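Protein chains in written order, with this note's numbering: chain H, 1388 to 1583; chain A, 1368 to 1638.
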């Protein structure tokens, strides 16, 4: 657990100004979450918090740290090694669970498609058209079409990809919200039916 | 390091192909740098897109599956991109593809609407009256600011004209904060202050692109001006150059062939 003292030690190491320290804390926590996600961890948030807790405790105990970010990376790597060992055990156990178990079921594809379709409609028309054009066609035709889109727009293909990236993020966020809502609705319906 | 090399290095990092020392260096950097995190997320997005399109090598596919795609967020992203590709593949023609666009619905994005309203308040900084002569003078300044500058012409003489000022900050990954500016009927000029941060270049080029990717205006040789919070480039554009919709302003150093170094996305709403 992160105590008030250890959090204070960490924040003061990040910046003298409390507000700026808070922003830097958020940045490093986000970075740690992706650190674990890019290694395939299931509970990336928890591992990021564990990394911060350990580093902050050491600091509160008076350990001298020259570079907080390099130190956090070193701690995160230790945490990951532990997690990887545990995860291997869990994976072995999961492989023995039948594939049709309810907990293993991904979200039905029709729900996902419905949500993505609904969210596409909520985008500005131009963004939606850009996205559809970008994804249409088979692979080779798609690559040519993407080059043409950038050329016709008078922008670099990098800029086009950045623009698409932002639209995709917006759409993805909307679709995930929608899928979560549908999931909750389904769960509520099941619970309701169970009570009847 | 060139941008393409940097992106390649980031892709190698996400795939687990970097030497450990380089990994640790990059990790220490991105824990401290939100912009680097954004760039990494862009590269991550591109990698999963390439995976869905079958453009990755067998080895890279396996690495991505064993690493990022094994995480819950990775799986969700993969499912999302599969769905998107499938929907795009089902669409027969641009005209029939989707129902007509609707604005972001209040029901779907209540927080975004509130943020957008707040952003509009922040970015529509001043609404002032001035006469056509003043407007014409400013517009002529914009036209003659440098070679390669082009723009549309002004409208009716002798009327009072509304001038709307907008301050544009570079767009970040946080797409909820797309800047919006409400342009009242009768507005004749839109003054845009483009925040460029520290003035790393003597002068800049700017291209204004609409959502159909048409270049609506471009200017070169634009000098930054120092203000309290950094540096800005002043653009004075006729409101007639804008329709309601999304615009992207691309900022490049003035050198020939230089790639954009920042982009600013904003939405104009004419009323």
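Cβ coordinates follow ideal geometry from the N, Cα and C atoms, glycine included. Since the model is a prediction, treat every value here as computed from it, not as a measurement.
Q. Which residues bound the beta strand (DSSP E) around residue 1547 of chain A?
A. 1546–1550
Q | Close beta carbons around residue 1490 of chain H, own chain, < 7 Å, minus the five adjacent residues each side | A | Per-residue confidence for residue 1490 of chain H stands at a pLDDT of 47, beneath the threshold of 50, marking its modelled position as unreliable; no derived number is given.
Q.
Taking 8 Å as the threshold (beta carbon to beta carbon), is residue 1466 of chain H in contact with chain A?
A. no
Q) Is the CB-CB distance between residue 1383 of chain A and residue 1424 of chain H below 8 Å? A) no
**Q.** Stretch-stretch touch, CB-based, cutoff 8 Å, three pairs: the region 1419–1433 of chain A with the region 1434–1445 of chain H
**A.** no
(Q) Which residue wins for smallest C-alpha separation from residue 1520 of chain H, given the options H/1533, H/1434, H/1474 and H/1495? (A) Scanning H/1533, H/1434, H/1474 and H/1495 for the CA closest to the CA of residue 1520 of chain H turns up H/1533.
Q: Enumerate in chain order the residues of its own chain whose CB-to-CB distance from residue 1552 of chain H is below 7 Å, with the five nearest sequence positions on each side excluded.
A: none
Q: Identify each residue in the region 1612–1637 of chain A for which the Cβ-Cβ distance to at least one residue of chain C is less than 9 Å, and report them in chain order.
A: Structure shown: chain C not included; protein chains present are H and A.
Q) Which class does residue 1429 of chain H belong to by DSSP, given the choice of helix, strand or coil? A) coil
Q: Note down, in chain order, all residues in the region 1398–1421 of chain H with a beta-carbon under 8 Å from any beta-carbon belonging to chain A.
A: 1411, 1414, 1415, 1417, 1418, 1419 and 1421
Q. By the criterion of Cβ-Cβ separation under 8 Å, what are the contact partners of residue 1441 of chain A in chain H?
A. 1424 and 1427
Q: Go to residue 1562 of chain A, then tell me how far its alpha helix (DSSP H) extends in each direction, as first and last residue.
A: No alpha helix (DSSP H) contains residue 1562 of chain A, which is instead part of the beta strand (DSSP E) from 1554–1562.
Q: Tell me whether residue 1634 of chain A is buried or exposed, calling it buried when 16 or more other Cβ atoms sit within 10 Å of its Cβ.
A: buried
Q: Could you give the DSSP three-state label for residue 1410 of chain H: helix, strand or coil?
A: Correct three-state label for residue 1410 of chain H: helix.
Q: Indicate whether at least one CB of chain H lies closer than 8 Å to the CB of residue 1389 of chain A.
A: Not an interface residue.
Q: For residue 1434 of chain H, decide whether its Cβ has a neighbour in chain A, counting only Cβ atoms nearer than 8 Å.
A: no
Q. Is residue 1570 of chain A closer than 8 Å to residue 1588 of chain A when the C-beta atoms are compared?
A. Taking a C-beta distance under 8 Å as the contact criterion, residue 1588 of chain A and residue 1570 of chain A qualify as a contact pair.
(Q) So, at 7 Å on beta carbons, what are the nonlocal neighbours of residue 1543 of chain H in its own chain, with the 5 sequence-adjacent residues on each side left out? (A) Excluding residues up to 5 positions away in sequence, 1537 lie with their Cβ nearer than 7 Å to the Cβ of residue 1543 of chain H in the same chain.
Q. Can you tell me whether residue 1390 of chain H is buried or exposed, with buried defined as 16 or more other CB within 10 angstroms of its CB?
A. exposed
**Q.** Cα-Cα separation, residue 1414 of chain H to residue 1553 of chain A
**A.** 44 Å
**Q.** Amino acids of chain A, ordered along the chain, whose beta-carbon sits closer than 9 Å to that of residue 1452 of chain H
**A.** Under the 9 Å cutoff, chain A gives no residues; its nearest Cβ is about 12 Å from residue 1452 of chain H.
Q | For residue 1572 of chain A, three-class secondary structure by DSSP | A | strand
Q) Taking the continuous beta strand (DSSP E) assigned at residue 1583 of chain A, which residues delimit it? A) Unbroken beta strand (DSSP E) run through residue 1583 of chain A: 1582–1589.
Q.
Tell me the residue span of the beta strand (DSSP E) that contains residue 1629 of chain A.
A. 1629–1637
**Q.** At least 3 beta-carbon pairs within less than 8 Å: the region 1420–1434 of chain H vs the region 1449–1456 of chain H
**A.** By the C-beta criterion, the region 1420–1434 of chain H is judged not to be in contact with the region 1449–1456 of chain H, since fewer than 3 inter-stretch pairs fall below 8 Å.
Q | 8 Å Cβ cutoff, residue 1444 of chain A in contact with chain H | A | Yes - at least one Cβ of chain H is within 8 Å of the one on residue 1444 of chain A.
Q: Can you have a look at residue 1496 of chain H and say buried or exposed, based on whether 16 or more other CB atoms are within 10 angstroms of its CB?
A: exposed
Q. Should residue 1555 of chain A be labelled buried (16 or more other beta-carbon atoms within 10 Å of its own) or exposed?
A. buried
**Q.** As assigned by DSSP and simplified to three states, the class of residue 1439 of chain A
**A.** helix
**Q.** Any non-hydrogen atom of the ligand ZN within 7 Å of residue 1435 of chain H CB
**A.** Looking at this structure, you won't find the ligand ZN or any other ligand, since it has none at all.
Q: From the DSSP output, read off the bridge partner residues of residue 1593 of chain A.
A: Its beta-bridge partners are A/1598.
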